[in-house]
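Below is one structure, written out as structure tokens; the observations come after it.
Written out as structure tokens, the structure reads:
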């Protein structure tokens with residue numbers, strides 16, 4: 063299904079939304095990309111991937127458009143999405159492979175498109191993906207091994223990564239991304255994946271334990287080949303309170 | 063001059079930029095509004111003001127559009143502008159007075175317009191304003207005594223204020239807004255104007271003096287009817303370094 067349907071005329075030719083969905087699988091930071099149904103490949107012979115994104119409808123607001131488009135292309139729903147920037151270079155849709163693809167799905171493939179970008183960070187391995195619309199597939203990719211991307215999506219991802227890393231410094235992180243009981247080692251892995259750097263274990267623990275929403279449990283790991291680590295959990299109310307009050311945390 | 067000129071066809075009917083220019087005059091926080099040339103007044107008989115904003119040209123990027131539009135309407139140039147959000151509710155241009163005004167200046171007055179918003183904080187009393195284009199006048203207004211505003215500009219201003227207040231907590235502030243030599247009292251006034259709250263003098267000084275880019279001078283005030291206060295200055299290099307490294311400062 064392309065947008066070449068009855069509702070075509072209801073799409074605004076000049077404004078789109080794009081979603082940068084970061085995923086954590088317990089080990090690495092990933093990003094959700096769609097494989098657009100296109101026989102043509104990039105100049106270097108590689109397949110071209112893209113962020114889930116499409117034109118907005120004339121009767122919906124930007125936030126609704128982002129949720130709808132993400133759902134239509136990847137099957138994801140009820141994801142917290144945050145707007146982080148708009149991208150509107152006049153030449154952002156002018157690559158040959160992109161134009162060929164736009165001609166196959168858009169009523170006005172040459173129209174200038176400004177895109178409003180949203181991002182999110184989710185648990186990658188516990189969400190079901192169902193590609194549909196012009197997405198042939200929706201797959202997680204390692205953030206450090208990105209394939210060829212259409213349009214200016216590399217620039218949009220860079221910008222979202224900056225925002226995510228910056229936010230991780232002043233808002234608590236991990237509630238939706240770790241199991242209910244987790245070790246400080248698991249929490250450190252999450253920060254290391256996002257910041258793409260190794261952190262000093264001792265320093266990390268000293269700073270992170272100042273977070274009063276981090277609650278130590280009596281329970282420890284069982285059956286591990288090293289000294290069993292203590293489990294922690296998040297106090298949900300305190301966590302949300304810190305989150306909404308912009309708590310500052312510098313690693 | 064309206065945009066009803068030769069270059070009209072070059073304007074994108076669906077995308078605009080709006081500029082929220084905050085100004086500090088040593089005492090209060092202000093905002094720059096234009097008086098759009100319109101005989102018609104709001105439903106309550108009041109004149110309607112607006113943020114400096116207009117449609118983007120099809121051949122310019124968003125940042126350039128913001129600088130051009132701000133300059134065309136208010137005469138301001140070389141102002142640091144930062145994008146902070148896009149606004150696109152389908153009903154944002156549907157007030158009667160707004161529609162009447164749009165009909166007088168736009169080729170497609172009924173087109174849905176998504177606006178990309180920028181903000182800045184400048185020294186209000188040292189910049190020359192020259193209204194032109196469809197701006198009959200460009201004037202500073204007290205942030206706590208805003209007149210009737212067109213479109214969704216009250217919502218855009220609220221959002222910009224939040225961004226400004228948030229930023230003031232993690233980036234140093236004041237370099238472009240205070241005289242080269244200033245007292246801690248003047249610096250406190252700036253923070254109080256932005257945060258719209260009175261701050262405890264002792265607490266403020268204790269925290270602000272941790273900023274190593276704040277350099278005490280030998281010189282003190284002369285001819286004041288109270289104990290003369292010491293002058294301070296900013297170390298420009300250190301200030302910029304802190305600014306680019308997102309230094310956290312909680313008042």
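Protein chains in written order, with the numbering used here: chain B, 63 to 313; chain V, 63 to 313.
The C-beta atom is built at its ideal place from N, Cα and C for all residues, glycine as well.
- The beta-carbon distance between residue 293 of chain V and residue 279 of chain V, rounded to whole angstroms, is 5 angstroms. This is short enough to meet the 8 angstroms contact definition.
- DSSP places residue 134 of chain B inside the alpha helix (DSSP H), whose first and last residues are 124-136.
- In the DSSP assignment, residue 149 of chain B falls outside any alpha helix (DSSP H) and within the unbroken beta strand (DSSP E) covering 144-149.
- DSSP lists V/96 as the bridge partner or partners of residue 112 of chain V.
- Here the stretch 128-141 of chain B makes no contact with the stretch 150-165 of chain B; the two share fewer than three CB pairs at distances below 8 angstroms.
- Of the residues B/283, B/98 and B/253, the one whose Cα lies closest to the Cα of residue 269 of chain B is B/253.
- A straight line joining the alpha-carbon of residue 121 of chain V with that of residue 233 of chain V spans about 34 angstroms.
- The DSSP-derived three-state label of residue 203 of chain B is strand.
- Residue 145 of chain B is a Cβ neighbour of residue 147 of chain V, given a cutoff of 8 angstroms.
- A residue is called buried once 16 or more other Cβ atoms fall within 10 Å of its Cβ, and residue 241 of chain V, having fewer, is exposed.
- DSSP places residue 227 of chain V inside the alpha helix (DSSP H), whose first and last residues are 215-229.
- The closest CA to that of residue 174 of chain B, considering only B/185, B/196, B/208 and B/117, is found on B/117.
- Residues of chain V whose Cβ lies closer than 8 angstroms to the Cβ of residue 303 of chain B do not exist; the shortest such Cβ separation is about 15 angstroms.
- Taking C-beta atoms as the reference points, residue 212 of chain V and residue 112 of chain V count as a pair closer than 8 angstroms.
- Under the 8 angstroms criterion on CB atoms, residue 145 of chain B is classed as interfacial with respect to chain V.
- Listed in chain order, the non-local C-beta contacts of residue 72 of chain B below 8 angstroms within the same chain comprise 119, 120 and 121, local neighbours out to five positions each way being set aside.
- Under the Cβ criterion of 8 angstroms, residue 124 of chain B is counted among the residues facing chain V.
- Here DSSP, grouped into helix, strand and coil, assigns residue 197 of chain B to strand.
- Chain B has no Cβ within less than 8 angstroms of the Cβ of residue 306 of chain V.
- Between residue 99 of chain V and the set V/86, V/114, V/90 and V/272, the nearest pair of CA atoms involves V/114.
- With respect to chain B, the C-beta atom of residue 258 of chain V has no partner C-beta closer than 8 angstroms.
- Assigned with DSSP and collapsed to three states, residue 182 of chain V falls in strand.
- The stretch 168-188 of chain V and the stretch 77-86 of chain V touch, with no fewer than 3 CB-CB distances between them shorter than 8 angstroms.
- Residue 234 of chain V is outside the set of residues whose beta carbon lies under 8 angstroms from a beta carbon in chain B.
- Distance from the CA of residue 215 of chain V to the CA of residue 281 of chain B, rounded to the nearest whole angstrom, comes to 54 angstroms.
- Only 174, 176 and 178 from the stretch 159-184 of chain B bring a Cβ to less than 7 angstroms from some Cβ of chain V.
- The secondary-structure analysis by DSSP pairs residue 79 of chain B across a beta bridge with B/116 and B/178.
- One Cα belongs to residue 238 of chain B, the other to residue 109 of chain B, and the distance between them is close to 33 angstroms.
- With a cutoff of 8 angstroms on beta-carbon distance, residue 226 of chain V and residue 180 of chain V are scored as not near each other.
- Counting along the chain, residue 156 of chain V sits inside no alpha helix (DSSP H), nor does DSSP assign it H or E at all.
- As the crow flies, the alpha-carbon of residue 90 of chain V is around 7 angstroms from that of residue 204 of chain V.
- Within the DSSP secondary-structure output, residue 264 of chain V pairs in no beta bridge.
- Put simply, the backbone Cα of residue 135 of chain B is about 28 angstroms away from that of residue 258 of chain B.
- Secondary structure note for residue 293 of chain V: its beta strand (DSSP E) is the uninterrupted segment 292-296.
- With respect to residue 96 of chain B, residue 193 of chain B sits close: the two C-beta atoms are nearer than 8 angstroms.
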